[in-house]
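J.: The structure's right below; bear with me while I get my questions together.
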Amino acid sequence: ISSLLSSKNAFIWGQPQEDAFKKIKDKLTSAPCLKLYDVTKPTMISCDASSLGLGAVLLQGEGDEKHPVAYISRTLTSAEKGYANIEREALALTWASDRLKNFLVGKRFTIETDHKPLVPIFKTKHLDDLTPRLQRFRLRMMRYDFDIIYTPGKNLLVADALSRQPIPHHEEDSELAEEVDAYVHEISLVEINTSDENIVKVIQSQSQDPVCLQLRELLNKEWPSKTELPLELRDYYSVRDELCLIEGILMRGNRMIIPANLRNVMLNKLHEGHLGITKTRRRAQCTMWWPNISSDIERKIKGCPTCIQHASNHHEPLLPSTLPDFPWQIVSMDLFKFESHWYLVVVDHFSRFFELAHLQRMRTTDIIRVCKELFSRHGIPTRVCNDSGSQFQPLQSSEFQCFAREWGFATTTSSPHFHQANGAAEAAVKTAKSLLKKNKDD
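The letter at position 168 of the sequence shown is residue 168 when you use full-length UniProt numbering, and the numbering goes up by one with no holes.
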């Protein structure tokens with residue numbers, strides 16, 4: 001067999017090679033190669049998958065002193081040959097665990113694989129982020145207590161050899177594939193939330209799209225590095241482990257991959273109800289995907305004439321007011337009328353404490369008199385804020401401005417017809433009116 005590896009020799013597998021291979025298998029399965037299972041020793045499954053079959057070996061021991069306990073392999077069924085490469089690798093470890101479950105149930109063990117993406121799939125990834133087949137494999141493996149580690153393919157020789165020369169599978173080995181395919185069919189019917197007409201269009205378009213055809217070929221192979229891929233396929237590299245073929249549809253997880261010639265049609269369908277960007281993106285997340293779909297949705301909606309015409313007129317964001325450093329540094333004043341009587345409310349921005357004064361008449365002199373009394377008790381503020389409505393003319397009169405200069409404080413007015421800008425005073429007025437209503441009989 002070794003002579004066939006030379007590039008100078010033609011690769012011809014004849015009876016001598018077949019006899020030699022059978023002899024190797026006999027040697028591998030006879031003493032002293034195989035040892036009896038020891039429940040006290042650490043246990044490991046080394047598994048691999050090829051385009052022909054699955055292979056695994058049950059090992060026990062630590063470090064380099066691992067001894068084989070059992071070898072298993074089988075060919076792939078016709079359905080399994082259509083699996084994506086990552087799905088075949090997941091099938092290998094799931095099938096191997098089920099075949100060797102008598103050694104594994106109730107015991108912590110380790111699985112080693114040469115397919116690095118399987119490690120997060122069986123350890124950290126959420127089920128919703130997996131394809132339906134990978135979901136099913138993950139669910140089946142939940143019965144076991146295991147850890148999964150990555151081992152380079154060059155160090156996984158035995159499992160690799162078993163997967164490349166598998167023994168024919170038996171009917172009982174097909175149960176896993178049948179269960180998984182039934183689960184995938186059920187999930188795909190539920191998850192593809194679109195009409196049969198659209199699904200047919202997508203299938204037909206995918207069968208004619210050169211990018212989709214290349215992706216289908218890559219599903220059954222090991223992906224090359226990103227730099228070795230054609231430019232049109234590089235956007236799919238980051239999601240390569242999520243791609244699969246379900247019911248003849250190329251999908252990313254549970255979402256159909258839309259070819260370039262159908263994307264404008266699908267954008268129009270997604271935006272039929274003229275939903276906003278966030279809701280349209282959420283709608284797309286349930287059914288379809290293509291590279292940069294999020295930015296395409298945003299561009300579509302921002303350029304939609306109907307949405308532009310009926311867009312809400314958003315206000316500018318409010319600017320935060322200056323926070324005082326001590327009590328009575330900044331105060332707000334407001335005038336209000338309650339049951340034919342005028343009142344002046346003065347509120348401290350630091351503590352939100354307010355004072356309420358009844359005015360005999362709404363005159364500047366009356367307001368100044370109240371201010372002098374309050375400032376004598378609390379101190380002179382550095383700034384006094386007030387509204388700029390028509391009822392606040394006394395606070396904006398030259399007489400009040402002269403009083404402000406003499407006592408050494410600044411005055412500011414809020415925007416006309418925008419009482420929210422003087423929010424502290426407005427809140428105090430609301431509280432004061434409530435108190436007056438409750439105590440008007442006293």
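C-beta atoms are modelled at their ideal positions from N, C-alpha and C, and glycine is treated no differently. Remember, it's a predicted structure, so these values are computed and weren't measured experimentally.
Using 8 Å for Cβ pairs, my map puts P68 next to L54. What's the rounded Cβ distance?
T.: Going by Cβ atoms, the distance from P68 to L54 rounds to 17 Å, so no, they are not a contact pair.
J.: Should N254 go down as buried or exposed, given a rule of 16 or more other Cβ atoms within 10 Å for buried?
T.: buried
J.: So, using beta-carbon positions, are A427 and L356 closer together than 8 Å?
T.: no
J.: In this structure, does DSSP put T382 in helix, strand or coil?
T.: Here T382 sits in coil by DSSP.
J.: Quick check: the Cα distance between S207 and K66, rounded to an integer number of angstroms?
T.: 48 Å
J.: Only counting the same chain, and skipping five residues up and downstream in sequence, which positions put a Cβ closer than 8 Å to that of F336?
T.: W342, Y343, V345, V429, A432, K433
J.: Does the Cβ-Cβ distance between T113 and Y150 come in under 8 Å?
T.: yes
J.: Counting only runs that start and end within the stretch 53-89, where is the beta strand (DSSP E) found for 3 or more residues in a row?
T.: 53-60, 67-75
J.: Short of 6 Å in beta carbon distance, which residues of its chain neighbour D235, apart from the five on each side in sequence? Order them along the chain.
T.: P291
J.: Does the distance from the C-beta atom of I297 to that of P381 stay below 8 Å?
T.: no
J.: F353 by DSSP, collapsed to three states: which one?
T.: coil
J.: How would you call F354, buried or exposed, if buried means at least 16 neighbouring beta carbons within 10 angstroms?
T.: With 16 or more Cβ atoms within 10 Å of its Cβ, F354 is classed as buried.
J.: If we ignore side chains and look at the alpha-carbon of each, how far apart do R369 and N386 end up?
T.: 17 Å
J.: When the Cα of C286 is compared with those of S51, T77, D129, which residue comes out closest?
T.: D129
J.: Can you have a look at V190 and say buried or exposed, based on whether 16 or more other CB atoms are within 10 angstroms of its CB?
T.: Here V190 scores only 47 on pLDDT, less than 50, and its place in the model should not be relied on; the value that follows carries that caveat. Answer is exposed; the Cβ neighbour count stays below 16.
J.: Which residue marks the beginning of the beta strand (DSSP E) containing T124, and which one marks its end?
T.: Looking at the DSSP string, T124 is not in any beta strand (DSSP E), and its letter there is neither H nor E.
J.: Excluding sequence positions up to five away, which residues of its chain have a Cβ less than 6 Å from the Cβ of A425?
T.: S332, D334, V347
J.: Sorted by chain position, which residues of the same chain lie with C-beta nearer than 8 Å to F11's C-beta, five sequence neighbours on each side aside?
T.: L4
J.: Determine the burial state of Q360: buried for a count of at least 16 other Cβ atoms within 10 Å of its Cβ, exposed for fewer.
T.: exposed
J.: Counting C-beta neighbours from all protein chains within 10 Å, is the total for F326 16 or more, i.e. buried, or is it exposed?
T.: Residue burial is scored here from C-beta neighbours: F326 has fewer than 16 other C-beta atoms within 10 angstroms and is therefore classed as exposed.
J.: Assign M288 to one of three DSSP states: helix, strand, or coil.
T.: strand
J.: Would DSSP call L100 helix, strand or coil?
T.: coil
J.: Would you identify the three-state DSSP class for D26, choosing helix, strand or coil?
T.: helix
J.: Per DSSP, what kind of secondary structure is V331 in: helix, strand or coil?
T.: strand
J.: When the Cα atoms are used, what is the spatial distance from D64 to K279?
T.: 56 Å
J.: Using a Cβ cut-off of 8 Å (strictly closer), state whether L335 contacts chain B.
T.: The question asks about chain B, but that chain is absent: this structure has only one protein chain.
J.: Please list the terminal residues of the continuous beta strand (DSSP E) segment that includes F109.
T.: Segment 109-113, the beta strand (DSSP E) holding F109.
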